[in-house]
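Numbering (the numbering used here), first residue to last: 436 to 520.
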């Protein structure tokens, strides 16, 4: 339960970073590492288009270092709109 909680916090922090950046994320995949709960976590952010051109789908997967690429401790999905100009 502790791992799921920390992994979910990592995912929520990455989503908050995207929302607060004020930019419209490009379609694609980004990977990185974060520390939470005294340990390292690997994350992958997949940004996809949607039928609504002003929206992006964001899928954030978080896993422990060394875990298989197709496994995740948690997955968070959200949507971001194009910022108003």
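Every residue, glycine too, gets a C-beta built ideally from N, C-alpha and C. Just so it is clear, the structure is predicted and the values come from calculations on it, not from any experiment.
Here residue 489 really is in contact with residue 517; their C-beta atoms are around 4 Å apart, less than 8 Å. Contact between the stretch 498-508 and the stretch 472-481 is present, with at least three C-beta pairs closer than 8 Å.
DSSP places residue 449 in the helix class (H, G or I) of the three-state scheme. Residue 452 has its alpha-carbon roughly 10 Å from the corresponding atom of residue 458. Shown here, residue 459 sits in coil according to DSSP, grouped into three states, outside any helix or strand. Here the alpha carbons of residue 449 and residue 443 stand approximately 10 Å from one another. Taking a C-beta distance under 7 Å as the contact criterion, residue 494 and residue 512 qualify as a contact pair.
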